[in-house]
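Q: Protein chains in written order, with the working numbering: chain S, 775 to 1064; chain H, 45 to 379. Built from N, CA and C at the ideal position, the CB exists for glycine as well. One structure is given below, represented as structure tokens, and several questions about it will come after.
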């Protein structure tokens, strides 16, 4: 095996990692502000993938063009879910919140099963088999577009949280709940917004992901676990951390798939997770837990 | 201990307990084989739920990776039986050892590095999934094609080798559930149980009052994982096949904890009640949605029911039923 192969694999892993990172951002935003672990994370992303698939099949819209639509739809879903349901378990113990999110996950899988059946389906775009050649590097066109789209959405998200009043207010809620109430922020609305933004990330990530993988209803749990690993490695609640963790996992999984066995690549990720939890439980870029 | 329970309970509660116990003891003669198979699953979940509840409900440590301990117990005893002919009555000790070692390893790492709450739960998930992938690659254990126990002489009941009729498995799991219940009720009122509850309610306060946190949390994990490992032995010999694909998965852990949470975390009867509610609910849903020929309808309603319980009975069903049936002793209103 030549170095060129490894480089190729690493680059494609990096691009996939950007999408992982975007999806993990969705988890991180929700946990960082609302302190709820979204155990239905992967299922929501699969919902986004199916929505993209429907738009592609019915209207022939390219997954990257339907991204804003899907993100908006999942934003509405997340907003309502937080405001109508999740809000009510905020005061309950961790395991009750876990169970609520897990049962929402089960319901989402079931809905996808009822609507789309258990088989794997994909959206075949016209540029699906094209690739860019840069020197010895040969990168799939879809992967480049996917990675770029993930980067753009993540950039928009950073800008939102750092430069808009609403974004700053949301961060204030995450930093100090009581303080946010005291200065008169509408915390309930901001929480719903946050959850909506988190799920919108998943919708965007799902739309992009559909370019790379086939979708089926049982895809969810593996994405959930992957996002946990990424977010913990990067640091819960840290946005750059999620992106960094995504890239790290994307590259290392791709390389582990070549050097070891493809089926062992997730064992590698879990091993990495255990290591990070023990050595640096707050994650690579996370703040020390309060 | 029994004397104390009888002393502290109301006559109505004792009568109910006696009726339920008696009904469970004679059930195999009264019900058909289908109902018996459902009862067997109910008792299995009541048992492992009780074991899990000891860790969260008593000592306040949330594990979402109990599938690991079931699987380790199951794989250890099954491998010893298949490869070396070791009967499960001996294999169970190896199974307990494996589960306890794994539990203590996770506990040691988690508590030493003060990984708490959600992070600790994620650590347990990571260990379970990680071990699952490793077992998936060990061809000696059947890898992904599964590990199978030989099915033979179903006519006679061989208790030492755990080979026999469903009725035998029923009584084995009933005995296990009963023993686990007795153990838990004894532990809950012992000094150990009081330390656990102190840790559960307020870890800092417990530490400040001189409770050695690390030691008592480790004991909780050890007992919980060991009990769960025994459940795994029973599981292996009842089902006769083990697949890493399903055994180590988080969904398996969720099934283990579901009964306890629905029944009431931290209560003695919660895990049992939860199992008696959820497993039959699943069966009813299967029967009701059978004619619809649509995948996912059953699991949708299942998820809906669980979400409804979380939203409307967050303390679990047991404390509610306890009040509705008026089981509280007359003198002291609180238990």
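(1) Helix, strand or coil for residue 918 of chain S per DSSP?
(2) For residue 236 of chain H, which three-state DSSP category applies?
(3) Within this structure, are the beta carbons of residue 135 of chain H and residue 121 of chain H separated by less than 8 Å?
(4) Please report how far the alpha carbon of residue 843 of chain S lies from the alpha carbon of residue 932 of chain S, in whole angstroms.
(5) Rounded to whole angstroms, what is the Cα-Cα separation between residue 221 of chain H and residue 84 of chain H?
(6) Give the residues of chain H in contact with residue 868 of chain S, contact being defined as C-beta atoms less than 8 Å apart.
(7) Kindly list, in the order they appear in chain S, the residues whose Cβ is closer than 8 Å to that of residue 294 of chain H.
(8) Please list the residues of the segment 1034-1047 of chain S that have a C-beta atom closer than 8 Å to any C-beta atom in chain H, keeping them in chain order.
(9) Hey, could you find the ends of the beta strand (DSSP E) residue 907 of chain S is sitting in?
(10) Does the Cβ-Cβ distance between residue 290 of chain H and residue 113 of chain H come in under 8 Å?
(11) Determine the burial state of residue 369 of chain H: buried for a count of at least 16 other Cβ atoms within 10 Å of its Cβ, exposed for fewer.
(12) Do residue 870 of chain S and residue 358 of chain H have their C-beta atoms closer together than 8 Å?
(13) Please classify residue 110 of chain H as buried or exposed, where buried requires at least 16 neighbouring CB atoms within 10 angstroms.
(14) Which of the residues in the segment 887-920 of chain S, read from start to end, lie with their CB under 8 Å from any CB of chain H?
(15) Is the beta carbon of residue 820 of chain S sitting closer than 8 Å to the one on residue 991 of chain S?
(16) Taking DSSP's pairing of strands, which residues face residue 911 of chain S in a bridge?
(17) At which residue ranges does the segment 201-259 of chain H contain complete alpha helix (DSSP H) runs of 4 or more residues, listed in the order of the chain?
(18) Taking 8 Å as the CB-CB limit, is residue 110 of chain H close to chain S?
(19) Less than 7 Å between the CB of residue 102 of chain H and some heavy atom of the ligand PLP, yes or no?
(20) What is the DSSP secondary structure of residue 130 of chain H, counted as helix, strand or coil?
(21) If the cut is a Cβ gap below 8 Å, which residues of chain H does residue 862 of chain S touch?
(22) Residue 1006 of chain S touches chain H at which residues, Cβ-Cβ below 7 Å?
(23) Quick one: does residue 825 of chain S have its CB under 8 Å from some CB of chain H?
(24) Strictly under 8 Å for the Cβ-Cβ distance: is residue 339 of chain H near chain S by that measure?
(25) Label residue 245 of chain H either buried or exposed according to how many other C-beta atoms from any shown protein chain fall within 10 Å of its C-beta, with 16 as the threshold for buried.
(26) According to DSSP, is residue 950 of chain S helix, strand or coil?
(27) Based on Cα-Cα distance, which residue from S/1050, S/1015, S/1059 and S/1045 lies nearest to residue 794 of chain S?
(28) Using DSSP's beta-bridge definition, name the partner residues of residue 960 of chain S.
(29) Taking only the alpha-carbon atoms, compute the straight-line gap between residue 978 of chain S and residue 247 of chain H and give it to the nearest angstrom.
(30) Could you give the distance in angstroms between the alpha-carbon of residue 306 of chain H and the alpha-carbon of residue 228 of chain H?
(31) Under 8 Å between C-beta atoms, does residue 153 of chain H make it to chain S?
(32) Residue range of the alpha helix (DSSP H) that residue 85 of chain H falls in?
(33) Can you name the start and end residues of the alpha helix (DSSP H) that residue 1010 of chain S belongs to?
(34) Is any beta-carbon of chain S found at less than 8 Å from that of residue 118 of chain H?
(35) Using a beta-carbon distance cut-off of less than 7 Å, what residues from the segment 115-139 of chain H approach chain S?
(36) Taking the DSSP output, what are the residues bridged to residue 285 of chain H?
A: Based on what the coordinates show:
(1) Helix at residue 918 of chain S.
(2) Helix, per DSSP.
(3) Pairing residue 135 of chain H with residue 121 of chain H gives a Cβ-Cβ distance under 8 Å.
(4) Spanning the alpha carbons of residue 843 of chain S and residue 932 of chain S requires a straight line of approximately 20 Å.
(5) Taking the straight line from one Cα to the other gives about 11 Å.
(6) Close to residue 868 of chain S, with beta-carbon spacing below 8 Å, are these residues of chain H in chain order: 106, 161, 162 and 165.
(7) For a Cβ distance threshold of 8 Å, residue set 995 and 999 of chain S lies close to residue 294 of chain H, ordered along the chain.
(8) Close to chain H, meaning a Cβ-Cβ distance shorter than 8 Å, are the following residues of the segment 1034-1047 of chain S: 1035, 1037, 1038, 1040, 1041, 1044, 1045 and 1047.
(9) The continuous beta strand (DSSP E) containing residue 907 of chain S extends over residues 905-908.
(10) Going by C-beta atoms, residue 290 of chain H is not nearer than 8 Å to residue 113 of chain H.
(11) So residue 369 of chain H counts as exposed.
(12) It is a contact, given that the beta carbons lie within the stated cut-off.
(13) Residue 110 of chain H comes out buried.
(14) Within the segment 887-920 of chain S, the qualifying residues are 887, 888, 891 and 892.
(15) Their beta carbons are under 8 Å apart, which means residue 820 of chain S touches residue 991 of chain S by this criterion.
(16) Looking at the DSSP output, residue 911 of chain S bridges to S/908.
(17) Runs found: 210-233, 235-245 and 247-252.
(18) Cβ-Cβ to chain S under 8 Å: no for residue 110 of chain H.
(19) Absence of the ligand PLP is noted for the structure shown, with no ligands found whatsoever.
(20) Coil at residue 130 of chain H, not helix or strand.
(21) Simply 355.
(22) 166, listed in chain order.
(23) Cβ-Cβ to chain H under 8 Å: no for residue 825 of chain S.
(24) Taking 8 Å as the CB threshold, residue 339 of chain H lines the interface with chain S.
(25) Its Cβ having fewer than 16 others within 10 Å, residue 245 of chain H is exposed.
(26) If DSSP states are grouped into helix, strand and coil, residue 950 of chain S belongs with coil.
(27) Answer by Cα proximity: S/1015.
(28) Answer by DSSP bridge pairing: none, since residue 960 of chain S is not bridged.
(29) For residue 978 of chain S and residue 247 of chain H, the distance between alpha carbons rounds to 41 Å.
(30) One Cα belongs to residue 306 of chain H, the other to residue 228 of chain H, and the distance between them is close to 18 Å.
(31) Cβ-Cβ to chain S under 8 Å: yes for residue 153 of chain H.
(32) Residue range 77-97 is occupied by the alpha helix (DSSP H) that includes residue 85 of chain H.
(33) The continuous stretches of alpha helix (DSSP H) do not include residue 1010 of chain S, and DSSP gives it neither H nor E.
(34) Answer no: the Cβ-Cβ gap between residue 118 of chain H and chain S never drops below 8 Å.
(35) Identification of residues in the segment 115-139 of chain H having a C-beta nearer than 7 Å to some C-beta of chain S yields an empty set.
(36) Note: residue 285 of chain H sits in a beta bridge opposite H/192.
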